[in-house]
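Okay, structure first, notes after.
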Amino acid sequence: MWGGTSTGGFDCSGFTQWAYRQAGVELPRLAQDQDTAGRQVSQDDLQPGDLAVWSGHVAMYIGNGQLIETGGAPVSVTQLRTTNAGQNFEGFYRVT
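Anchor point for the sequence shown: position 4 equals 4 in full-length UniProt numbering, and the numbering is continuous, going up by one each time.
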């Protein structure tokens, strides 16, 4: 659901924006801009809450080698990865 920002339906960046808002932190709206809210970290240094950012998608690391994400379908837990349907991987980011 592109453009979704509420519990009635999220897109990827709407979901991460909503999750961080629950903790009192504001993130930019678009996936490709959410990396500006933090600093880049290595995959070996990932902590729950870190963001995985692609050129048109974002997911949140939840620990144990897993991401939580949505792309219009229900929110799902997936394995940690750096590939996403041909999009450029921008990196892992810790919101500061």
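Cβ atoms here follow ideal geometry from the backbone N, Cα and C, with glycine treated the same way. Note that this is a predicted model, so its numbers are computed, not measured.
Exercise for the section: Would you list, in sequence order, the uninterrupted alpha helix (DSSP H) runs of no fewer than 4 residues that lie entirely inside the UniProt domain "NlpC/P60" (1-96)? Expected result: Fully enclosed alpha helix (DSSP H) runs of no fewer than 4 residues occupy 12-22 of the UniProt domain "NlpC/P60" (1-96), in order along the chain.
Handout entry: Alpha carbon of L80 to alpha carbon of G63, nearest angstrom
Key = In the sequence shown, counting from the first residue as 1, residue 80 sits at position 80. In the sequence shown, counting from the first residue as 1, residue 63 sits at position 63. Those two C-alpha atoms are separated by around 9 Å.
Handout entry: Backbone CA spacing between A52 and A31 [nearest angstrom]
Key = On the sequence shown, position 52 is the one that residue 52 refers to. On the sequence shown, position 31 is the one that residue 31 refers to. Their backbone Cα atoms lie some 10 Å apart in a straight line.
Handout entry: Own chain, CB closer than 7 Å to V25, minus 5 neighbours either side, in chain order
Key = Here residue 25 refers to the residue found at position 25 of the sequence shown. Short of 7 Å from the beta carbon of V25, and not among the five residues preceding or following it, lie these beta carbons of its own chain, in chain order: V95.
Exercise for the section: Give the straight-line distance between the Cα atoms of Q47 and E69, rounded to the nearest whole angstrom. Expected result: Sequence index remark: in the sequence shown, residue 47 carries index 47 (1-based). Sequence index remark: in the sequence shown, residue 69 carries index 69 (1-based). About 16 Å.
Problem - Closest residue to P28 among G49, T16 and Q87 (Cα-Cα distance) - result: The count along the sequence shown starts at 1 and reaches residue 28 at position 28. Comparing Cα-Cα distances from P28 to each of G49, T16 and Q87, the minimum goes to T16.
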